[in-house]
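In terms of our numbering, the sequence shown is residues 135 to 292. We put the beta carbon where it would ideally sit given N, CA and C, even for glycine. As structure tokens, the structure follows; a few thoughts come after it.
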Amino acid sequence: MKLKSGSEGETFLIGKALGGCLKAGDTVLLRGDLGTGKSVLARGIASALGIDRPMASPSFTIMQPYEGVCPVYHFDLYRLSDPDEIYFAGLEEHIGSDGVAMIEWPEILDETPPVNVDICIQRGNGFDERELEVRLNGMEDRAQLICSSLKPFSEGSA
Ligand SMILES: Nc1ncnc2c1ncn2[C@@H]1O[C@H](COP(=O)(O)OP(=O)(O)OP(=O)(O)O)[C@@H](O)[C@H]1O
Ligand SMILES: [Mg+2]
135 MKLKSGSEGE TFLIGKALGG CLKAGDTVLL RGDLGTGKSV LARGIASALG IDRPMASPSF
195 TIMQPYEGVC PVYHFDLYRL SDPDEIYFAG LEEHIGSDGV AMIEWPEILD ETPPVNVDIC
255 IQRGNGFDER ELEVRLNGME DRAQLICSSL KPFSEGSA
């Protein structure tokens, strides 16, 4: 589904609405150009999962783990240079595991891992405007819940 955000706060709320529908084993891809709001979305998702401590600037680590209602693994692959680093950051072992994995800059990977939610966030016309495209894979059980949670942000609803 396509969504629109008019501010950082609104993007955070989109993440929070989505995060409230996620559970351990889910994986979220966060795609989009530099500075579009992937980390803002990640913070919103994490907040819905009970993580209230500030999230580290993820660019300095490839994976930052958090403990909320379930473990949350926040990956930022932007600075990845050596493919071995992925292995050490535990990408494979944290996908579809005991927690929710969120992956910024998955484009860096040769192969996209299996994910439930694929979000692309891009700049819109106004400075603070963003357009989001959310795709769900095999979430039949929760697709309706997710769609109704995100409905307030969907295009044309404002
Ligand atoms: N509608 C919006 N949604 C999200 N962020 C917005 C919005 N409007 C303005 N911003 C600003 O855009 C920036 C988004 O930063 P953020 O770190 O989330 O981007 P990012 O996509 O994670 O970047 P990077 O590619 O460097 O990881 C913030 O400075 C935020 O204030
Ligand atoms: Mg980021």
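From residue 254 to residue 175, what does the alpha carbon distance come to, in whole angstroms?
11 Å
Ranges of the alpha helix (DSSP H) found wholly within the stretch 202-283, counting only runs of at least 4
217-223, 225-228
Identify, in the order they occur along the chain, each residue of the same chain with its Cβ nearer than 7 Å to the Cβ of residue 278, setting aside the five sequence neighbours on each side.
none
Straight-line CA distance for residue 271 to residue 161?
For the pair residue 271 and residue 161, the Cα-to-Cα distance works out to about 10 Å.
Beta carbon of residue 207: closer than 7 Å to some heavy atom of ligand 1?
no
Ignoring anything shorter than 3 residues, give me the beta strand (DSSP E) runs that lie fully in the stretch 159-196, in order along the chain.
161-165
Measure the C-alpha to C-alpha separation of residue 140 and residue 169 and round it to an integer number of angstroms.
15 Å
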